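Down below is the structure, laid out as structure tokens.
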Amino acid sequence: MRAAAIRRWMAFGLCLLVYLYLVAPVIVVAGASLDQGSMFAAIFPPQSIGLRWYYEIPEKYLHALAISATAAAIASVISGALGTLAALGVVRGKIPGTEWLRALFRAPLQIPFVVTGVVFLQFYYGLQAFTGVELAATLPGLIVAYVFVGTPYTVNTVGAVLERLNPRLDEAAAILGASRWSTFWRVTFPLIRPGLMAGMLYAFIIAFGDVPLSIFLSSPDYATLPVVIFQTLQFDFSPTVLSISTLIALMSVFSLWLVQRFVGLDFVAKR
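All residue numbers for the sequence shown refer to my numbering, where the first residue is 5 and numbers rise by one.
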């Protein structure tokens, strides 16, 4: 009994150390953002607590935050729609070469985002030369690139749910006189909704926090928040970076709460 208790305490201590290792950087950043000392250095633990650096967040960060949130939100919705259609085609469509299609949809996840950024930049320049359509350094260009890297997540999560669904549910709905659209909307969609929400969450997080892809496709007018923070830290440091980073962390916590409220973290973890 004593040996079992020791093992339990050792396991608990190890889990606690790992947890502290994961959250310590966030705690340090959040604590330092409350220090009201010199603008050239922020101290943790803070010497004098206040919200000075939150009030002095430059307009460029707020503008970049709006760009990031808008692009990521639109891209996640489009990724959800495209991923659902693709998953239905792969799982329910009885298409030959299904395994090749699965590998094709996973391909964007295997390509480094730096390479993806270079490819999209060259593609946009070529498209502009031939058609006059300008997507480089624009908000639509960012959204198109984010959809490319976000859609595989929704394909995987929705496809995983579809593979576990009993196809007889659709057959029963058809026997009862339901149309294909009514069957999908009233039977299939409510069952795949958790997978769709999880995939859209992944797509949003990837797009919102991306740097290597966005840095190729951004411009001064359409720079995302991670790119602005990265460029600022290259040449200067301001405690306002800590405050905006803390706000991003709080947004992430809020997103996790929404997922737990409407989807469930257990489902997301299984994906």
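C-beta: ideal position from N, C-alpha, C; glycine also. If you're wondering where the values come from, they're calculated on a predicted model, not measured in any experiment.
- Residue nearest to W261 within the set A227, S218, L205 is L205 (criterion: CA-CA distance).
- Only residues of its own chain outside the window of five on either side were considered, and among them L221, S222, S223, Y226 have a CB closer than 7 Å to the CB of A141, listed in chain order.
- In this chain, the alpha helix (DSSP H) harbouring V95 covers 63 to 96.
- In the three-state reduction of the DSSP assignment, D225 falls in the coil class.
- Two segments are said to touch when three or more pairs of C-beta atoms, one from each, lie closer than 8 Å; by this definition the region 56 to 66 touches the region 225 to 245.
- Rounded to whole angstroms, D214 and L125 show a C-alpha spacing of 16 Å.
- Here the alpha carbon of A70 sits roughly 38 Å from the alpha carbon of R96.
- Residue state for D39 is assigned as strand, using DSSP reduced to three classes.
- Inside the region 127 to 184, DSSP marks whole alpha helix (DSSP H) runs of 4 or more residues at positions 143 to 168, 172 to 179, from first to last along the chain.
- Contact between the region 149 to 159 and the region 77 to 88 is present: three or more C-beta pairs spanning the two stretches fall below 8 Å.
- Between the region 184 to 203 and the region 157 to 170 there are three or more C-beta pairs closer than 8 Å, enough to call the two in contact.
- With contact defined as three or more Cβ pairs closer than 8 Å, the region 172 to 186 and the region 124 to 139 are not in contact.
- F258 places its beta carbon 8 Å or farther from that of A76.
- Within the same chain, Cβ atoms closer than 6 Å to the Cβ of Y157 are found at G203, Y206, A207, the five residues on either side in sequence being excluded.
- The three-state secondary structure of I99, taken from DSSP, is coil.
- The Cβ-Cβ distance between I61 and I147 does not fall below 8 Å.
- Take G54, set aside five residues on each side of it, and the residues of its chain with a beta-carbon closer than 6 Å to its own are Q40, in chain order.
- In the displayed model, I115 falls within coil according to three-state DSSP, outside both helix and strand.
- According to DSSP, I53 shares a beta bridge with D39.
- Here L166 is actually not in contact with L108; their C-beta atoms are around 17 Å apart, not less than 8 Å.
- In the structure shown, P29 falls within a helical segment according to DSSP collapsed to helix, strand and coil.
- In this structure, P216 places its C-beta atom within 8 Å of the C-beta atom of F117.
- Distance between A15 and A9, taken at the CA atoms: about 10 Å.
- Assigned with DSSP and collapsed to three states, V22 falls in helix.
- W57 is positioned such that its CB atom lies closer than 8 Å to that of S247.
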